[in-house]
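**Student:** In this note's numbering, the protein residues as written are 7 to 184. Ideal Cβ placement from N, Cα and C applies to all residues, glycine included.
1. Rounding to the nearest angstrom, what Cα-Cα distance links residue 181 and residue 64 in this structure?
2. Using C-beta distances below 7 Å, list every residue in its chain close to residue 68, excluding the 5 sequence neighbours before and after it, in chain order.
3. Assuming residue 93 is part of the alpha helix (DSSP H), what are its boundary residues?
4. Quick check on the burial criterion: 16 or more other C-beta atoms within 10 angstroms. Buried or exposed for residue 137?
5. Distance check for residue 73 and residue 177, CA to CA, integer angstroms please.
6. Consult DSSP for residue 116 and reduce its assignment to one of helix, strand or coil.
7. Using the beta-carbon count (16 or more within 10 Å), is residue 172 buried or exposed?
8. Can you tell me where the alpha helix (DSSP H) holding residue 133 begins and where it ends?
9. So, are the CB atoms of residue 144 and residue 169 less than 9 Å apart?
10. In three-state DSSP terms, what is residue 160?
Structure follows, in structure tokens:
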């Protein structure tokens with residue numbers, strides 16, 4: 007039973023530790039956005055960032071879920087799938103833009119658009135698989151982006167804005183309107 011749970015947790019790429027926030031905030035200068043849950047803009051205005059697209063239905067749905075502090079049962083994949091399902095109810099669908107394997111070949115970062123669902127290797131925590139929604143670049147040259155991420159694992163925490171290094175993205179799913 008416990009071995010099966012561990013395998014599932016590693017598969018979805020979410021960390022089963024109580025101090026996950028500390029782990030993520032120690033990497034890539036996370037303290038600068040730690041309390042910016044109010045809006046994708048927050049008070050955070052990094053150099054080399056792109057503008058957040060208010061037209062993205064996915065980002066609007068995810069931001070509303072964060073504002074409402076919605077807790078969704080499941081891991082990062084389940085949360086993002088729910089965001090995409092809710093966005094799709096407004097007349098759209100998911101399409102796969104890029105597909106590879108966790109071991110590589112990795113997507114070119116120029117492919118990412120705000121609202122894309124990215125599957126990537128989480129370099130800030132034991133190189134495990136993780137899913138997040140791309141919001142904007144924080145540092146394009148260093149491949150560091152602001153994302154919407156979900157901790158999962160019964161942590162009873164809502165989705166949040168987090169920075170991740172996105173040099174090992176192996177799957178991109180995009181919401182498109184009909």
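**Tutor:** Checking against the coordinates, here is how it stands:
1. The straight-line gap from Cα to Cα measures roughly 7 Å.
2. Excluding residues within five positions, the ones whose Cβ falls inside 7 Å are 89, 139, 154 and 165.
3. Taken as a continuous stretch (DSSP letters only), the alpha helix (DSSP H) holding residue 93 covers 82–94.
4. With 16 or more Cβ atoms within 10 Å of its Cβ, residue 137 is classed as buried.
5. Cα-Cα distance, rounded: 27 Å.
6. Under the three-state reduction of DSSP, residue 116 is assigned to helix.
7. Label assigned to residue 172: buried.
8. Run containing residue 133: none; DSSP gives neither H nor E here.
9. Residue 144 is a Cβ neighbour of residue 169, given a cutoff of 9 Å.
10. Three-state DSSP puts residue 160 in coil, outside helix and strand.
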